[in-house]
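The sequence shown begins at 1 in the UniProt record's numbering and counts up by one.
A virtual CB, placed ideally from N, CA and C, is assigned to each residue, including glycine.
Just so it is clear, the structure is predicted and the values come from calculations on it, not from any experiment.
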Amino acid sequence: MKLAVQNHGAEDMVRDLVKLLHRGAPADEFASRLAQVEKLPAGLPQKSTLAEMVRMAMAIQNRLDLLQQREQGMRAVIESAQDLSSHLDLPGLLRAVVSRARNLLGAHLAWLSSYAPEKHEFHVLVNDGALLQDTTHMVAREQAGVVGVIMATRMPFSTPDYLHDNRFTHDPELDATLRGEGIVALAGVPLIWNEEIVGLLFVADRYHRTHTALNTSILSALAAHAAVAIKNARAFEQAQSALAEAGRARLELERHILSVKSAAEAHEKMTALLAQGAPLSALCQALAQSLNAGVVVWDEGAQVISHGRAAEYPGSQAGGHFVLQGEHSLEITQALRQSRLAGRSRQAYQSQGETCTVMAVVGGNDVLGSVLLFHRQILDETAVSILERSANLMAIVLLSQERSEAVKSRDVSQLLRSLVSLRQDPPALLLDQARRFGLDLEQPVCLIAIEMDETKAAYAARRLRARPELAHTIFDEIDGLLVILCAATQAQDKLRTLQALGQPEFGRTYRGVISKPVSSPQGVPAVYATLRRAMAVLSRIGVQGSIIAQNEMALYSTLFETHDRESLDNFLEATLGPLLSYDQKRGSELTRTLLTYFDNNQNARTTAQRLKIHVNTVRQRLATVEELVGHLGQATRALEIHMALRLWNLGIAQPR
């Protein structure tokens, strides 16, 4: 009976153990069964057999757990491989790898770091299970901590107690971060691709733990997938970058081809215009349209001779009114100087979104002018080439114009030089040549000589040839002077025209003399010699901006031809000094009143009419004048004062 009961107990135990194995019971239930067996009486024959059966069941359960763990690891590896082949989203793929590593190994924390070779550091790319923000930004140096061990051995490394492990050099900053997370155990494996460590995969726990070889193997397999993912992603990025670069290169090549084509078309168009004999204005407009800009062309004296603007280009300074004045004159002058030296265009200035680029126009060794380009877009190499080639074509046009003008003016120059020379051509020949230019030498003529300090006389002559107001007039540069010959009946009209042109054409410092009528060509050389002497007197006494009549200059030439400026100043100071100082201090008109009084034969009433004031006012002013300069009734003193007043009227009196 006892044996039967014992046999019946063993059968029940086997049946119970099979059920436990079938439902995959945890290890503690098997341990409970073992404890029950060990409580049986010691003399019971089946006790050892039952204990061995329980132990065998526990071993089977352990093997089943191990197989299940391996199956889960293989499944995780397969899923990672599937993810690797299904997409190239590197952040998402790495998050999946880290999450699987943490869940599969039952770890509290997992993260993956990428290697930055230029800094010799590992930076966390993705983590799972972190509690602190600092953990997300962990940085591990190549030679410190667990990282140093893995980099040296290129093998997995684990420690059950990281903070107290003395097998490696600790990084205080990294230790502080892990201590804040409560990390105790740590395991890490390298991400290796083609013998190169590209990153590290870690799992960590907040308790002491020893990882099995299976855990390390699974972690290494996941790390291998992560390494492939990183390399694939980098290769994909490089491929995308190369593709984008190829696209940019293709676009740049297309743009360059279009630019070259545009430059060729622009050059061909302007060359065709040049071949057709088109004027300079047509070239300006073609250049402006090609570069969507405004264009101004100056001659060598910085005077506008042509301009153009693209139809769609907004308003700018590119117009006929733009001259070398104002706030940008210095920048333009410097840029033109650099352009002449280098033979290339130069940027002068930028203002309100508009840029001015200049190019000197050179023919041979002479500067013929300059091109000013006003634009809003940046000039690329092709646009610069169009500008510089256009300047060369404009140089051809200007040279052609210069030669044409030289041919036209050659006969005029020869005629004028013959007229002022003591060795004149035969009178009949002179008369015939003058008639060709609308000038009748059988009628009285007047000679005008103008001297300029800032502008060359030859340049001024070229400028004046385009003036219709100076038709039927011959003029040219002779001995550094601008010499003009016209009919005496037209002399005053020509004089008004010249005085109106004044500063724009002759500069700020010029002076001139107009002769009295000359009845025959034979009298012209003597008059020309007289005008040259008068010019020297005007220069000596400092006349500027005026053209004086020869009759008015006669007395001055006689008196002051040998005087210098200092002696003239002394004469004026001694004669009119008090009067000029009085007017300057009080803003009065005593000097002007006295000059008008002398010019009108010392008649007070006529003086009042000329000045449009009351005659009593004239008398009061004259009384004040006599207090300042003395009595006016003495003839010698009156002549001296009148002479000084006439000199003052020429604009040279400077009160001290």
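Is the beta carbon of G512 less than 8 angstroms from the beta carbon of E451? Here residue 512 corresponds to residue number 512 of the sequence shown, with the count starting at 1. Here residue 451 corresponds to residue number 451 of the sequence shown, with the count starting at 1. Yes, Cβ-Cβ distance for G512 and E451 is below 8 angstroms.
Proximity of L470 and L419 at Cβ, strictly below 8 angstroms: Numbered from 1 along the sequence shown, position 470 holds the residue referred to as residue 470. Numbered from 1 along the sequence shown, position 419 holds the residue referred to as residue 419. Against a cut-off of 8 angstroms, the Cβ pair of L419 and L470 comes out as no contact.
Who are M394's beta bridge partners in DSSP? Position 394 of the sequence shown, counted from the first residue, corresponds to residue 394. Per DSSP, none; premise fails for M394.
Work out the CA separation of F30 and A57 for me, nearest whole Å. Start at 1 with the first residue of the sequence shown, and residue 57 comes out as number 57. Start at 1 with the first residue of the sequence shown, and residue 30 comes out as number 30. When rounded, the distance between both Cα atoms is 8 angstroms.
Looking at the unbroken alpha helix (DSSP H) that takes in M151, where does it start and where does it end? Counted from its first residue, the sequence shown places residue 151 at position 151. M151 -> alpha helix (DSSP H) spans G145 to T153.
If I follow the unbroken alpha helix (DSSP H) through E181, where does it start and stop? Indexing the sequence shown from 1 puts residue 181 at position 181. Counting along the chain, the alpha helix (DSSP H) containing E181 begins and ends at P172 to E181.
Per DSSP, which residues does A549 bridge with? Please list them. The count along the sequence shown starts at 1 and reaches residue 549 at position 549. Per DSSP, I514.
With respect to the alpha helix (DSSP H) encompassing S290, which residues constitute its N-terminal and C-terminal limits? As a first step, residue 290 is located in the sequence shown; it is residue number 290 there, counting from the start. L280 to L291 is the span of the alpha helix (DSSP H), which, as asked, contains S290.
Would a C-beta distance cut-off of 8 angstroms place E196 and L131 closer than the cut-off? Along the sequence shown, one-based indexing puts residue 196 at 196. Along the sequence shown, one-based indexing puts residue 131 at 131. Against a cut-off of 8 angstroms, the Cβ pair of L131 and E196 comes out as no contact.
For T455, which option in D440, E505, S385 and S99 has the closest C-alpha, if you only look at C-alpha atoms? To locate residue 455, count along the sequence shown from 1; it is residue 455. Closest option to T455, Cα to Cα, is E505.
Roughly how many angstroms lie between the CA atoms of E121 and L251, to the nearest whole one? For the purposes of this step, residue 121 is identified with residue 121 of the sequence shown, where counting begins at 1. For the purposes of this step, residue 251 is identified with residue 251 of the sequence shown, where counting begins at 1. Each residue's Cα considered, the two are about 39 angstroms apart.
If we count the other Cβ atoms within 10 Å of its Cβ and call it buried at 16 or more, is G294 buried or exposed? For this step, residue 294 is matched to residue 294 along the sequence shown. With 16 or more other Cβ atoms within 10 Å, it is buried.
Alpha-carbon spacing of Q584 relative to V445, whole angstroms: Residue mapping note: residue 584 aligns to position 584 of the sequence shown, counting from 1. Residue mapping note: residue 445 aligns to position 445 of the sequence shown, counting from 1. Looking at the two C-alpha atoms, the distance is approximately 42 angstroms.
Beta-carbon contacts of A391 that lie in its chain and below 7 angstroms, excluding the five residues immediately before and after: For the purposes of this step, residue 391 is identified with residue 391 of the sequence shown, where counting begins at 1. M359, V361 and V371, listed in sequence order.
Go ahead and pull the three-state DSSP assignment for Q443. To locate residue 443, count along the sequence shown from 1; it is residue 443. Note: Q443 maps to coil in three-state DSSP.
Measuring only the C-alpha atoms, how far is T489 from E312? Taking the first residue of the sequence shown as position 1, residue 489 is located at position 489. Taking the first residue of the sequence shown as position 1, residue 312 is located at position 312. So the two alpha carbons sit approximately 51 angstroms from each other.
Using alpha carbons as the reference points, say which of S290, L291 and S329 lies closest to A302. As a first step, residue 302 is located in the sequence shown; it is residue number 302 there, counting from the start. Nearest C-alpha to A302: S329.
Smallest Cα separation from P426: which of L464, P521 and R435? Residue numbering aside, residue 426 sits at position 426 when the sequence shown is read from its first letter. Selected option, being the one with the closest Cα: P521.
Which same chain residues end up closer than 8 angstroms to D479 when comparing Cβ atoms and leaving out the 5 residues on each side of it in sequence? Start at 1 with the first residue of the sequence shown, and residue 479 comes out as number 479. Excluding sequence neighbours, D479 sits near R532.
Taking the beta carbon of R346 as the centre, do at least 16 other beta carbons fall within 10 Å, making it buried, or is it exposed? Taking the first residue of the sequence shown as position 1, residue 346 is located at position 346. That one is buried.
Assuming G92 and L109 make a contact with CB atoms under 8 angstroms, what is their CB distance in whole Å? Locating residue 92 in the sequence shown gives position 92, counting from the first residue. Locating residue 109 in the sequence shown gives position 109, counting from the first residue. Going by Cβ atoms, the distance from G92 to L109 rounds to 20 angstroms, so no, they are not a contact pair.
Cβ-based burial, I257 [other Cβ within 10 Å; buried from 16]: The count along the sequence shown starts at 1 and reaches residue 257 at position 257. Exposed, by the Cβ-count rule.
Is the CB-CB distance between V37 and A59 below 8 angstroms? Working through the sequence shown from its first residue, we reach residue 37 at position 37. Working through the sequence shown from its first residue, we reach residue 59 at position 59. Not a contact, by the Cβ cut-off of 8 angstroms.
Hey, which unbroken runs of the alpha helix (DSSP H) at 4 residues or more fall wholly within the stretch 475-542? 491-506 and 524-541
Complete runs of the alpha helix (DSSP H) confined to the stretch 595-636 [at least 4 residues]: 604-611 and 615-629
Is it true that the CB of L447 sits closer than 8 angstroms to the CB of L430? Taking the sequence shown and counting its residues from 1, one reaches residue 430 at position 430. Taking the sequence shown and counting its residues from 1, one reaches residue 447 at position 447. No; because the gap between Cβ atoms is not below 8 angstroms, this pair is not in contact.
Run of the alpha helix (DSSP H) containing T159, from where it starts to where it stops: Along the sequence shown, one-based indexing puts residue 159 at 159. T159 -> not in any alpha helix (DSSP H); beta strand (DSSP E) instead, spanning F157 to T159.
Under 8 angstroms, do M535 and L501 count as touching if we go by C-beta distance? Along the sequence shown, one-based indexing puts residue 535 at 535. Along the sequence shown, one-based indexing puts residue 501 at 501. Cβ distance not < 8 angstroms, so M535 and L501 don't count as in contact.
Limits of the unbroken alpha helix (DSSP H) element including Q544: Residue 544 sits at position 544 when you count from the first residue of the sequence shown. That residue, Q544, is in no alpha helix (DSSP H); it is neither H nor E in DSSP.
Three-way DSSP call (helix, strand, coil) for K2 in this model: Your numbering for residue 2 matches position 2 in the sequence shown. Bear in mind that the predicted position of K2 carries a pLDDT of just 36, short of 50, making it unreliable; the figure below should be weighed with that in mind. In this structure, K2 counts as helix in the three-state DSSP scheme.
My output table needs one value for S114: the three-state DSSP class, helix, strand or coil. Indexing the sequence shown from 1 puts residue 114 at position 114. The answer is strand: DSSP assigns S114 an E or B state.
Residues bridged to M359 (per DSSP): As a working note, residue 359 is residue 359 in the sequence shown. DSSP, once it has assigned bridges, lists V371 as partnering M359.
C-beta contact flag for A204 and A223 at 8 angstroms: Along the sequence shown, one-based indexing puts residue 204 at 204. Along the sequence shown, one-based indexing puts residue 223 at 223. No; because the gap between Cβ atoms is not below 8 angstroms, this pair is not in contact.
Cβ neighbours of V625 in the same chain (closer than 6 angstroms, five flanking residues each side left out): Counting from one through the sequence shown, the residue named residue 625 turns up at place 625. The residues are L590 and L594.
Please report the distance separating the alpha-carbon of A25 from that of Y207. What you label residue 25 is simply residue 25 of the sequence shown in a count that begins at 1. What you label residue 207 is simply residue 207 of the sequence shown in a count that begins at 1. Each residue's alpha carbon lies about 25 angstroms from the other.
Spatial neighbours of A623 in its chain, beta-carbon cut-off 7 angstroms, leaving aside the 5 residues before and after: Mapped onto the sequence shown, residue 623 falls at position 623. Same-chain partners within the cutoff: there are none.
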